[in-house]
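Asks:
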Amino acid sequence: MSRIDPIENPKNSPLGALFQQAESWMGFMPNDGLIMAHKPDILSSFFDMAKAIYAEGKVDAGLKRMIGHLSSLSSGCQYCSAHTAFGANEKGVKKEKLEQIWEFRTSPLFSDAERAALELAINASVQPNQASDEDFNLLKRYFDNEAIVEIVSVIAMFGFLNRWNSTLNTPLENTPNSFYQSLNKETK
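Residue numbers (my numbering): 21 to 208.
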């Protein structure tokens, strides 16, 4: 049970347009946003940041979601793990790849560039932070500075979201939960 109840009637709130956009973007109404809406300036600022981080850039949208997924798994946030797995699949990442996300270092499903980004996702998401010069030297083989900023931005955004949702015990919506449960059933 959530430690703070989500707002009611989000589409009729002053942030109604933002919630309609979030629902069309994600395919469902996100409960973390409904809780964050108790402080509208934080929600609207966060939404703008998330749009900028997820905007088309040098890093593929599916890889951005896989980075968020592994970052969230490393942090132990089931809410964000489910969201990012669902989002990655929506962006074209095959279910088989998501089922093997922990085996990214050895699985032939992952490219060397993906391995470099996912290694940083784990190392930068644990506490204390384990990101190293070696991680960045490896990243620089495949990504320029702009792409690396995109990658670190995804990891940092999920640092916030993982803490937010784990602390507030945000209830997981049916759509991402169903997809996430199907991954877990098939990988057990």
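Beta carbons: idealized from backbone N, C-alpha and C, even for Gly.
1) Would A57 be called buried (16 or more neighbouring beta carbons within 10 Å of its own) or exposed?
2) What's the gap between the Cα of A79 and the Cα of E134?
3) Check whether the Cβ atoms of N143 and S131 lie closer than 8 Å to each other.
4) In chain order, which alpha helix (DSSP H) runs of at least 4 residues are fully inside the segment 110-195?
5) Please go through the same chain and pick out, in chain order, the residues whose beta-carbon is closer than 6 Å to the beta-carbon of A141, but skip the five residues on each side of it.
6) Identify, in the order they occur along the chain, each residue of the same chain with its Cβ nearer than 6 Å to the Cβ of Q158, setting aside the five sequence neighbours on each side.
7) Output the boundary residues of the alpha helix (DSSP H) element that contains E43.
8) Would you call P196 buried or exposed, if buried means 16 or more other Cβ atoms sit within 10 Å of its Cβ?
9) Is the beta carbon of K53 less than 8 Å from the beta carbon of E110?
10) Quick one: what's got a C-beta closer than 7 Å to P191's C-beta in the same chain, skipping five residues either side?
11) Is A105 near F178, with beta carbons less than 8 Å apart?
12) What did DSSP end up calling M69 once you bin it into helix, strand or coil?
13) Find out if the Cβ-Cβ distance for the pair Y74, K59 is shorter than 8 Å.
14) Can you tell me whether I27 is helix, strand or coil according to DSSP?
Replies: Working from what's here:
1) Reading the sequence shown from its first residue, position 37 is the one you call residue 57. Classification of A57: buried, given that the 10 Å Cβ count is 16 or more.
2) Along the sequence shown, one-based indexing puts residue 79 at 59. Along the sequence shown, one-based indexing puts residue 134 at 114. Note on residue identity: the sequence assigns Val, not Ala, to residue 79. Going from the Cα of V79 to the Cα of E134 covers about 10 Å.
3) To locate residue 143, count along the sequence shown from 1; it is residue 123. To locate residue 131, count along the sequence shown from 1; it is residue 111. For N143 and S131, no; Cβs fall outside 8 Å.
4) 115-119, 132-145, 153-162 and 165-188
5) Walking along the sequence shown from the start, residue 141 turns up at place 121. Around A141: I87, L90, S91 and I175.
6) As a position in the sequence shown, residue 158 is number 138, starting the count at 1. Reading off the sequence shown, one finds Leu at residue 158, where the question assumed Gln. The answer, listed in chain order, is A136.
7) By one-based count along the sequence shown, residue 43 stands at place 23. Looking at the DSSP string, the run of the alpha helix (DSSP H) that includes E43 is G36 to M46.
8) By 1-based counting over the sequence shown, the position of residue 196 is 176. The Cβ neighbour count for P196, taken over all protein chains shown within 10 Å, is at least 16; the residue is labelled buried.
9) Translated into positions along the sequence shown, residue 53 becomes position 33. Translated into positions along the sequence shown, residue 110 becomes position 90. A quick correction: the sequence has Gly, not Lys, at residue 53. In this structure, E110 does not lie closer than 8 Å to G53 by Cβ.
10) Indexing the sequence shown from 1 puts residue 191 at position 171. Hits under 7 Å: S22 and N51.
11) Mapped onto the sequence shown, residue 105 falls at position 85. Mapped onto the sequence shown, residue 178 falls at position 158. The answer is no: Cβ separation not under 8 Å.
12) Looking up residue 69 in the sequence shown gives position 49. Three-state result, M69: helix.
13) Here residue 74 corresponds to residue number 54 of the sequence shown, with the count starting at 1. Here residue 59 corresponds to residue number 39 of the sequence shown, with the count starting at 1. No, the pair does not count as a contact, with Cβ atoms beyond the cut-off.
14) Counting from one through the sequence shown, the residue named residue 27 turns up at place 7. Coil, per DSSP.
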